[in-house]
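Here is the structure we will look at, set down as structure tokens.
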Amino acid sequence: MRLLVLNHIQNAYDSLRSTRMRTNLTMLGVTIGVASITLILSLSGGATKVITDQVDELGGNIAVVRPGDVPQTTRLDNIASPMNHSYATSSLTERDMKAIRLVPGVEAVAPVMLVGGNVAAGNNSSSNTPIVATTPDLISISNLTVKDGQFIDSVTNRDTAVIGAQLSVDLFGTDQSIGQNFKIRGQDFTVIGVLKRANKPINYNNIDFDHAAIVSLESGKSFNQGVAQIQQIDIKATDQNSLPSVVEGTKKALGAAHKNEHDFSVLSGDDLSRPTSQLFFAVAAAMTAVAAISLIVGGIGIMNIMLVTVAERTREIGIRKALGASNGHITAQFLIESLAIGIGGGLFGYIAGYLLAFIVSRSVLTFDPLFSWQIAGLAIGTSVVVGILFGLYPAIRASRKDPIEALRQYH
Amino acid sequence: MKTNPDAPVIALRGLKKRYGIGDAEHTVLDGVDLVIEKGEFIAIMGPSGCGKTTLLNILGLLDRADDGDYFLADRSVESLSARRHANIRSEQIGFVFQNFNLVPRLNVIENVALPLTYKGIRKTKRLQLASKMLQTFHLSEREYYMPWQLSGGQTQRVAIARALVNSPSIVLADEPTGNLDSKASHVIMEELSDIHKRGNTIIMVTHNPSLTTYASRVITMLDGKIDSDTKTLQPTVKVDTTKKRLDTHAAEAPKEKTLRSRRPAKRKTIKKGASK
């Protein structure tokens, strides 16, 4: 049987080569499908890897509390109703922070309160600046580095701020902006520190610190009628081993503080590194749909062209049967041919997917696509499945041909 | 497969084949009884539409009879699966067709090696055997020609080489000379009688009475039945009936020997086509 498979492969190669244009066009359908799969997976894998690396870099001892139950970001209605969390009042409070701080094994706790509003200095203003109100502990938890000046601490004034390197350039035209004044929602703030450029727009805080302005929690509360509106609480455990107990303790402490209402989620490890952006999932879902549709269309193309091939080679089928080929031989011969189209399309798609991924990541994004054997396996696996699935019907049809009828057909 | 050395290679009993349903039903074979011994060279003759080709297809396991028994080497083939049939075609039967039926995509040696593929023989070995077979047909220089680069006689010799490459015990030839002029026809017939002398059983369908001289036994068919058989009837009777039956259908056929043109052959092709 092995010898026959080799023979079928040789045969498929010869016959596909003799109809090169047709074969290439048929492959294109599968190529597009597999390319989109590769693109999605490599980019989302790359994004995940960025965050995983950051968490690992910090010693893997970070947990994060977010309001609401575990976000079901993969659900389509979540994508369709944009940012449904952002308008709701967060269920996390300053009291929760204090409760977490008491959990054994917790080394540091920092809230992240995002304040909406404009940042302006002179004529320059920026409306999409994340204004982060937090406590001094954030610098150690999130591994931020201050290039000039200092981070906010317990003794700094309420009208001082630390700004990201890019924001400094945007507002003042220089990254040496210590002592300069700027306005947040009309209030004056003085720059006391400039963060070192991190170039990590994707992180578990969902904040691009290069563009952020960081103020104290007290200042943040003053923008919000004196109430803290905490989007996220970052927790740092003393070491990696104590992280599970910290997560459990946090859950228990918050459960008690929230009257056993499960309106928060504690994330650590892989949950933390899963991309949370709604847009990201919207794009991924759209690409998946494109991939699925083009794979089906590509598969129909394969079936179509295989039916043509079978019709064209009816006489050959008759001859082969008369010379001793069984139905199984004929099925295998045509199945391997469609499989070859599928795998060919899969290989080109895999390469094209990575080319696209690199073009996208180099031009728009800040991280590289991920290479992994899972993606390669999935790309090839999908193309094999498409090749077999859509080649099966034409192959069986070929094998069922009556040899006498087939031999009578003239070309 | 167990083989009884004394058993006939082929034994048919009351073989029937019908096409169509109801009013359109048409009986092609109407009770054929035939016993073929090992090493016979049989020529089957008869007018168009008398069931010669159908009989040959059934003998070659390409078709199944509706009724009656077919024993191949003392074993009924009715009960065997399609897979076994394919296997028997591969191991024991060699086909030669009127229109050659070489695979146009493959070159000569690949065509000849094709039956060996389904016996599971390795490629190098396959090509060696095919090359050796082509040598016996004096076609060694044409090994890498494509089928369309050969003359009719060469093509048919390639087709015969292909039928013989897996050393079948039975060679079935459906008008092997039907598309050839008389000179090429006789070359082909010489080849076939050579094969016969080597001990193969050959069953040949032909329209051309002059070619029956090569055969050891001539069977004439009429309307789905065996009309005469040189083995059971007196030879003189055979000649008379054959001549009479063929008068209406192949009147020019005996003249073909003297006519060197392709015209009679062409006319027969048309007739053959009409019978299908």
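Chain order of the listed sequences is Y and H.
The numbers in our numbering rise by one with no breaks, and the one at position 138 of the first sequence is 138.
The numbers in our numbering rise by one with no breaks, and the one at position 217 of the second sequence is 1217.
Glycine included, each C-beta is placed from N, C-alpha and C at the ideal position.
Leu6 (chain Y) has a beta carbon lying within less than 9 Å of a beta carbon in chain H. Chain-ordered listing is empty here: chain Y has no CB closer than 8 Å to the CB of Gly1020 (chain H), the nearest sitting near 15 Å. CA-CA distance, Ala1065 (chain H) to Arg1075 (chain H), rounds to 15 Å. Taken through DSSP and simplified to helix, strand or coil, Gly346 (chain Y) comes out as helix.
Assignment of beta-bridge partners to Gly116 (chain Y) by DSSP yields no partner. For a Cβ distance threshold of 9 Å, residue set Leu323, Gly324, Ala325 and Ser326 of chain Y lies close to Ser1090 (chain H), ordered along the chain. At least one C-beta of chain Y is nearer than 9 Å to the C-beta of Asp1063 (chain H). With contact defined as three or more Cβ pairs closer than 8 Å, the stretch 196-211 of chain Y and the stretch 88-108 of chain Y are not in contact. Only Thr1117, Tyr1118, Lys1119, Gly1120, Ile1121, Arg1122 and Lys1123 from the stretch 1116-1132 of chain H bring a Cβ to less than 8 Å from some Cβ of chain Y.
For Gly1046 (chain H), the three-state secondary structure derived from DSSP is coil. The beta strand (DSSP E) runs lying completely inside the stretch 1054-1088 of chain H and spanning 3 residues or more are 1067-1072, given in chain order. A straight line joining the alpha-carbon of Thr134 (chain Y) with that of Ala357 (chain Y) spans about 36 Å. With fewer than 16 neighbouring CB atoms inside 10 Å of its own CB, Thr1124 (chain H) falls in the exposed class.
If you draw a straight line from the Cα of His258 (chain Y) to the Cα of Thr382 (chain Y), it comes to about 47 Å. Taking a C-beta cut-off of 9 Å against chain H, the contacting residues of the stretch 327-344 of chain Y are Asn327, Gly328 and His329, listed in chain order. Here the C-alpha atom of Ile296 (chain Y) lies approximately 11 Å from the C-alpha atom of Val34 (chain Y). Ranked by Cα distance from Gln409 (chain Y), the options Y:Gly387, Y:Gly345, Y:Ser127 and Y:Arg315 are led by Y:Arg315. Within the stretch 343-410 of chain Y, the runs of alpha helix (DSSP H) that reach at least 4 residues and sit entirely inside it are, in chain order, 373-399 and 403-408. In this structure, the straight-line span from the alpha carbon of Val1165 (chain H) to that of Val1158 (chain H) is close to 10 Å.
In this structure, Ser1151 (chain H) keeps its C-beta atom at 9 Å or more from the C-beta atom of Glu1143 (chain H). 9 Å or more divides the Cβ of Gly299 (chain Y) from the Cβ of Leu243 (chain Y). Taking 9 Å as the cut-off, the beta carbon of Ser372 (chain Y) is found no closer than this to the beta carbon of Leu43 (chain Y).
DSSP, read as helix, strand or coil, puts Val1103 (chain H) in coil. Of the residues assessed, Thr309 (chain Y) falls on the buried side of the cut-off, its CB having 16 or more other CB atoms within 10 angstroms. Annotated as proximal: Phe1095 (chain H) and Asp1174 (chain H), with beta-carbon spacing under 9 Å.
Between the stretch 1041-1053 of chain H and the stretch 1207-1221 of chain H, the count of Cβ pairs shorter than 8 Å is three or higher; the stretches touch. For Val55 (chain Y), the uninterrupted alpha helix (DSSP H) run begins and ends at Arg20 to Glu57, by DSSP.
The criterion of a C-beta distance shorter than 9 Å is not satisfied by Gln187 (chain Y) and Phe151 (chain Y).
Taking a Cβ-Cβ cut-off of 9 Å, Arg1157 (chain H) has no neighbours in chain Y, whose nearest Cβ is about 17 Å from it. Val1112 (chain H) has its alpha-carbon roughly 18 Å from the corresponding atom of Ile330 (chain Y).
Put simply, the backbone Cα of Val215 (chain Y) is about 23 Å away from that of Gln54 (chain Y). With the rule of 3 Cβ pairs closer than 8 Å, the stretch 262-271 of chain Y does not count as touching the stretch 136-148 of chain Y. With a threshold of 9 Å between beta carbons, Arg1142 (chain H) makes no contact with chain Y.
The DSSP assignment places 264-268 as complete runs of the beta strand (DSSP E) inside the stretch 235-286 of chain Y, in order along the chain (cut-off: 3 residues). Counting only Cβ-Cβ distances below 8 Å, Phe1095 (chain H) has contacts in chain Y at Ala322 and Leu323, in chain order. Scanning chain H for C-beta atoms nearer than 9 Å to the C-beta of Asp14 (chain Y) yields Arg1105 and Leu1106, reported in chain order.
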